[in-house]
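Everything on this sheet refers to the single structure shown next.
Numbering (my numbering), first residue to last: 3 to 154.
Spelled out as structure tokens, the structure:
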């Protein structure tokens with residue numbers, strides 16, 4: 003019985019869900035001193051056709067959803083107003099494709115900390131669902147993605 007409780011607690015620690023949406027594997031990298039932005043990674047699955055329309059965090063002045071596209075051999079990044087979530091399909095947000103940027107960080111992110119996020123998803127009927135997520139801050143390693151050092 004103790005093992006079953008431990009497994010359920012572990013599952014709850016790495017996933018957040020609402021009525022129609024599941025967010026999993028949320029993480030961010032620790033930041034270097036003075037760094038004002040960071041990338042957040044997570045996977046999101048909606049049971050119904052929906053759009054990821056907003057993300058807020060008390061630790062950042064702003065949170066933006068970004069897309070990365072190739073244009074004539076050049077990688078371009080731009081903020082987007084929403085991200086389409088096809089029904090039943092997992093959408094991964096990471097550093098090299100669609101991703102979330104925390105901008106104007108109020109404090110450095112340290113390994114072991116958690117970044118609180120409130121994710122808003124809008125469905126076709128305009129109903130919105132909010133999901134509260136804690137992204138685990140992982141250590142900054144020499145091989146981390148250089149995108150996370152950029153300021154926007």
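Heads up, the beta-carbon is just placed ideally off N, CA and C, and yes, glycines get one too. Note that the structure is predicted; figures quoted are calculated from it, not measured.
- Task: Report the rounded CA-to-CA distance for residue 76 versus residue 70, giving the unit in angstroms.
- Result: Each residue's Cα considered, the two are about 10 angstroms apart.
- Message: For the beta strand (DSSP E) containing residue 31, name the first residue and the last one.
- Response: According to the DSSP assignment, residue 31 belongs to the beta strand (DSSP E) that extends over 23–31.
- Message: Quick check on DSSP: helix, strand or coil for residue 50?
- Response: Coil, per DSSP.
- Message: If I follow the unbroken beta strand (DSSP E) through residue 116, where does it start and stop?
- Response: 116–125 is the span of the beta strand (DSSP E), which, as asked, contains residue 116.
- Item | At least 3 beta-carbon pairs within less than 8 angstroms: the stretch 49–57 vs the stretch 31–38 | No, because fewer than three Cβ pairs between the stretch 49–57 and the stretch 31–38 fall closer than 8 angstroms, the two stretches do not touch.
- Query: residue 69 lies in the beta strand (DSSP E); which residues open and close that run?
  - Reply: 62–73 is the extent of the beta strand (DSSP E) around residue 69.
- Message: Taking its Cβ as the centre, do 16 or more other Cβ atoms sit within 10 Å of residue 141, making it buried, or is it exposed?
- Response: Its Cβ having fewer than 16 others within 10 Å, residue 141 is exposed.
- Query: Is the stretch 41–48 touching the stretch 82–96 in the sense that three or more CB pairs, one from each, lie closer than 8 angstroms?
  - Reply: The stretch 82–96 is in contact with the stretch 41–48.
- Task: Would you give the residue range spanned by the beta strand (DSSP E) that residue 111 belongs to?
- Result: Neither: residue 111 is in no beta strand (DSSP E) and is coded neither H nor E.
- Query: With residue 42 and residue 105 assumed to form a contact (beta carbons below 8 angstroms), what rounded beta-carbon distance in angstroms separates them?
  - Reply: Between residue 105 and residue 42 the Cβ distance is about 11 angstroms, and since that is not below 8 angstroms, they are no contact.
- Message: I'd like to know whether the C-beta atoms of residue 100 and residue 72 end up nearer to each other than 8 angstroms.
- Response: Annotated as distal: residue 100 and residue 72, with beta-carbon spacing of 8 angstroms or more.
- Message: If you follow the beta strand (DSSP E) that residue 100 is in, where does it begin and where does it stop?
- Response: Taken as a continuous stretch (DSSP letters only), residue 100 belongs to no beta strand (DSSP E), as it is neither H nor E.
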